[in-house]
Amino acid sequence: MGEELKEKLFNQKENGWDHVDESQKQEIFKLSKEYMDFLNVAKTEREFIKQARKLADSNGYRDIITFKTLKPGDKVYFVNREKSMYLAIIGEDSIENGMHIIGSHVDSPRLDLKPNPLYEDTGFAYFKTHYYGGIKKYQWTTIPLSIHGVMVKADGEKIEVNIGENEEDPIFTITDLLPHLAQEQMEKKLKNGIEGEDLNLLIGSIPYQDKKITEKVKLNILNILNQKYGITEVDFTSSELELVPAFRARSLGFDESMVAGYGQDDKVCSYTSLKAMMELENVKHTAVCILSDKEEIGSMGNTGMESQMFDFFISEILNKLQINRPNLLNQVFCFSKMLSSDVDAGYDPIYSSVSDKTNAGFLGKGIALVKYTGARGKSGASDANAEYVAWVRNVLEKNEIRYQLTELGKVDMGGGGTIAYILANKGTDVIDCGVPVLCMHAPYEVTSKYDIYSAYQTYKAFWKE
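Next up, the structure:
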């Protein structure tokens, strides 16, 4: 009697793998393999958007600029400065009744080169860096790093750079002090063990063969770059060059149940939402997928969600549906529903003291719904209302998708945020909905393949509702 009552009344958080048969397991592993392959060629926001555009083109999407008018079933996208992208399928129902939006971000914590990065010191050549997003600086030393990005000359010529990913490429690294001489360093607080100004990338040591000149190693590096790319030192001032781990995404564990890889915050949600959208046809409500930039530094700038570019995209849809009028954009947002598809902090038993176990997100237990983020007293949070949480629950439960309601750590322990508040400020119902991650913001992050598949199922079900 008691067991039956417990089964009926308790909110059981079961391991999702307990309910997976062999056929489903193969589907999960297949999706994760596709995800890892994508992750390995899309480590930066520009690379992700480039691959996303290829995928969209091959699945019948067209740049919205090429349309004069729109009708239900049309598939459109807009690429914003090669670093963010918005996609939509026009629904059968009037867009005036609102859209179903899923929004994630494609930027990840990393190291950027400074505008004047190249210098020589005591026979070594280095690049100076400025870290991007919230990182633990010590994690970025003594690991293989690759250089990705673009250099744009004054005449507009653009050069794409990707060095360190192929086996034939050299890699780069940031050195650290040997433990034998690190007594003073070891006495520092962990956050100060490596200073931001010391995250300098070691890039060469062979001097140019001319005894009459100074800075011979720097000259040799510039000569190599000039011969390969046709650039000079001043071209670094109009470049976007990023340092990311040269590790490849791999299956983790003897059972291969997890994915280890760089940039899973938030590319795990970006990829699963993008894949789900590619499989949609004839939706009731206009389905919109946001792949945004700059979330890790506050969503600012003209490629971040704080800009007006997303509003421009939706306005273009309204224009080409030939229904636009004053205040309609505001109305559409106010009647829309959104999943802010960003990752959640996964419960790590080694560091259990920072989590409230009853409200933590566990790997392997399905998609994580985070009603609010923020810090301390929900500062800066977008707090989803109960009615909308219930609506999302209904979608998940009728599609038999496992989910968990979570918080980002203990009260007063820290906190975080997503793009949820930006759409909530427009009047949209929003809840954070993503994959739990271990080692978030580290060079190598960990997710569960079960949760990756749950995210894909969730996003597809949401858009079909």
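Numbering of the sequence shown is given in the numbering used here, commencing with residue 110 and proceeding in unit increments.
Yeah, the Cβ is synthetic: ideal placement off N, Cα and C, and Gly gets one too.
Contacting residues, own chain, Cβ-Cβ under 6 Å from residue i (five flanking each side not counted)
i, result
"residue 536", "442, 443"
"residue 567", "476, 510"
"residue 202", "393, 394"
"residue 516", "468"
"residue 372", "152, 217"
"residue 198", "184, 389, 392, 396"
"residue 440", "none"
"residue 521", "485"
"residue 367", "361, 555, 557"
"residue 338", "268"
"residue 346", "224"
Selection from the options that minimises the alpha carbon distance to residue i
i, options, result
"residue 415", "529, 508, 138", "529"
"residue 531", "220, 413, 379, 561", "413"
"residue 182", "437, 421, 387", "387"
"residue 139", "561, 569, 233, 571", "561"
"residue 438", "420, 431, 451", "420"
"residue 301", "270, 248, 330", "248"
"residue 422", "457, 251, 168, 172", "172"
"residue 571", "445, 240, 312", "445"
"residue 376", "113, 278, 148", "148"
"residue 351", "341, 318, 237, 411", "237"
"residue 374", "500, 291, 559, 453", "453"
"residue 259", "436, 224, 524", "224"
"residue 544", "490, 472, 459, 141", "472"
"residue 539", "460, 504, 369, 450", "450"
"residue 271", "254, 286, 317, 287", "254"
"residue 478", "141, 447, 411", "447"
Assigned exposure category for residue i - 16 Cβ within 10 Å defines buried
i, result
"residue 267", "exposed"
"residue 226", "buried"
"residue 354", "buried"
"residue 390", "exposed"
"residue 284", "exposed"
"residue 381", "buried"
"residue 513", "buried"
"residue 458", "exposed"
"residue 455", "buried"
"residue 167", "exposed"
"residue 289", "exposed"
Pairwise C-alpha distance: residue j and residue i
i, j, result
"residue 180", "residue 228", "56 Å"
"residue 556", "residue 573", "26 Å"
"residue 192", "residue 245", "25 Å"
"residue 125", "residue 511", "7 Å"
"residue 208", "residue 396", "6 Å"
"residue 399", "residue 295", "44 Å"
"residue 466", "residue 542", "19 Å"
"residue 550", "residue 175", "38 Å"
"residue 564", "residue 494", "22 Å"
"residue 164", "residue 206", "29 Å"
"residue 315", "residue 429", "59 Å"
"residue 231", "residue 324", "9 Å"
"residue 155", "residue 349", "10 Å"
"residue 356", "residue 158", "20 Å"
"residue 280", "residue 335", "19 Å"
"residue 261", "residue 463", "45 Å"
"residue 212", "residue 293", "45 Å"
"residue 178", "residue 426", "9 Å"
"residue 310", "residue 274", "16 Å"
"residue 417", "residue 190", "13 Å"
"residue 82", "residue 251", "Any property of residue 82 remains undetermined from this structure, which presents the chain solely from 110 to 574."
"residue 547", "residue 322", "50 Å"
"residue 133", "residue 117", "26 Å"
"residue 188", "residue 498", "31 Å"
"residue 162", "residue 401", "14 Å"
"residue 111", "residue 378", "40 Å"
"residue 527", "residue 114", "38 Å"
"residue 305", "residue 222", "12 Å"
"residue 333", "residue 186", "39 Å"
"residue 369", "residue 331", "35 Å"
For residue i: DSSP bridge partner residues
i, result
"residue 239", "221"
"residue 454", "546"
"residue 271", "257"
"residue 359", "369"
"residue 495", "Answer by DSSP bridge pairing: none, since residue 495 is not bridged."
"residue 100", "Only positions 110 to 574 of the chain appear in the structure, and residue 100 is not among them; the question remains open."
"residue 195", "187, 399"
"residue 211", "398, 448"
"residue 513", "477"
Neighbourhood of residue i by C-beta distance below 8 Å, restricted to the same chain and skipping five residues each side
i, result
"residue 424", "433, 438"
"residue 602", "Residue 602 cannot be examined here, being either before or after the span of the chain that is shown, 110 to 574."
Spatial neighbours of residue i in its chain, beta-carbon cut-off 7 Å, leaving aside the 5 residues before and after
i, result
"residue 200", "181, 392, 393, 394, 395, 396"
"residue 492", "480, 481"
"residue 569", "385, 388"
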